[in-house]
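A short worksheet on the structure shown next.
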Amino acid sequence: METPTSTAALAPDAVAHDGRGNTAPLIIVTILFFMWGLLTSLNDVLIPHLKAIYTLSYVQAMLVQFCFFGAYLIVSLPAGMLIRRIGYQRGAVAGLVVAAAGCALFYPAANGGYGLFLFAFFVLAGGITVLQVAANPYVTVLGDPRTASSRLTLTQAFNSLGTTVAPALGGMLILSGSVLGAEELARLPAVEQVAYRAQQAAAVQGPYLALAAALLLLAVLFALARLPKLVDAAGDAPAGRFTDLFVHKHLVLGTIGIFLYVGGEVSIGSFLINYIGEPHIAGLAPADAAHYVSLYWGGAMVGRFIGFAVMRTVSPGKALAFNAVCSMLLILVAIFGSGQLAMWAILAVGLCNSIMFPTIFSMALHGLGRQTGQASGLLCMAIVGGALVPFAQGALADASGIQVSFFVPLACYAFILYFGARYVNLHRQ
């Protein structure tokens, strides 16, 4: 998933670093973007793993995304207040430490049950939220302002690299062992069921302790790095009340678009391993299916570069509408098809996702002037769609089957088509 970049007006309250002085801090920030993508995409591996261990329904399994993306809604505003109090650099360090604590909680969660896993996901995502609010602005000030866009493209590419690597890595480290089916597990004595669940859940302990250590190392590096001190540019402070934002129809529809896009993208990723494992689709074991999830997220990375070239001549609205139509057609093939065709159709939706987040985001912010900072905060809160839409798909999957459940993301892309078509000539990038 794309990492939202703060558009609030900021200025470095220090002498600008030269290019050589900025290299090390920029490398650290770029690694942060990679880690965000990695941690977010690992959920797609853990969901089927935890579902099998604890014999969960799809709705219960989607509580992972509910807790993870719900943190964006709950923690975003407190994170902003914290950073205004302690500063951007200390805020980034605090976010890294909290995220590391969330990863460390996976160790006791292996023995504590599904509820503790959900708490660990929330703490982890809370730390990532603080980290994003604090660290994103550094990308724009670590170097020449004229090349800020290219730096943002670079960091977003590494974010996509993280989402691409995570499923394959998680498949090898977490899903490599065989998991008993619900009927096989039910035949075991109660004591053996508890021991079995603890043994399977322990597969996450090593990888997440390693991630906790990596995050703590990044916290130390970020704390020691010589970074410019960022302050809000007073002249660009948001004007008016927050409720004034809702008079801008394109912003309101764009906020709904972000909610549904993130929800649809995350929901598809969350169900891929189970979908590919269906006998009439590909019948793959979870560890093997995880490699194909990497292709879903990798498609977004490749598509971003294609979109960058295409959108130099095509309006954002047209590009958005075209990609939404392609996504809908591919999802219909996945719903009504079978075998390799259905599998590759749903994976190809990742390619169509590539331009959607930044395009919807920029279209929604068009022409807002001094309200841009407030509007950006509203759009970032809409990322909570990643918590709620998978929940809806899970309910439909439990009721009608996993293949039919893809009507939920299909409806999400239908709204994105409407938004792109309605504002097809809103502005050109």
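Quick note, our numbering runs 596 ahead of the 1-based positions in the sequence shown. Don't be surprised by glycine CBs; every beta carbon is placed ideally from N, CA and C. These numbers were taken from a predicted model, which means no experiment stands behind them.
Counting along the chain, the unbroken alpha helix (DSSP H) around residue 882 starts and ends at 882–906. Between the alpha carbons of residue 806 and residue 965 lies a gap of roughly 44 Å. Put simply, the backbone Cα of residue 674 is about 10 Å away from that of residue 725. Counting C-beta atoms within 10 angstroms of its own C-beta, residue 846 has 16 or more neighbours from the protein chains shown and is therefore classed as buried. Judged by beta-carbon spacing, residue 696 lies within the 7 Å limit of residue 808, meaning their Cβ atoms are closer than that value. Scanning 862, 901, 654 for the CA closest to the CA of residue 1006 turns up 862. Restricting attention to 1010, 653, 822, the CA atom closest to the CA of residue 925 is found in 1010. In the structure shown, the three-state DSSP call for residue 996 is helix. Boundaries of the alpha helix (DSSP H) around residue 685: 684–700.
Residue 734 sits away from residue 660, with the two beta carbons spaced by 7 Å or more. Membership of residue 798 in any alpha helix (DSSP H) is not indicated, and neither H nor E is assigned to it by DSSP.
Sorting 785, 890, 738, 889 by C-alpha distance to the C-alpha of residue 824 places 738 at the top. Counting along the chain, residue 876 sits inside no alpha helix (DSSP H), nor does DSSP assign it H or E at all. Taking the Cα positions, residue 701 is about 45 Å away from residue 914. Counted as a single uninterrupted DSSP element, the alpha helix (DSSP H) harbouring residue 1012 occupies residues 1003–1018. Straight-line measurement puts the Cα of residue 678 at about 27 Å from the Cα of residue 954. Taking the Cα of residue 642 as reference, the smallest distance to any Cα among 694, 676, 714 is reached at 714.
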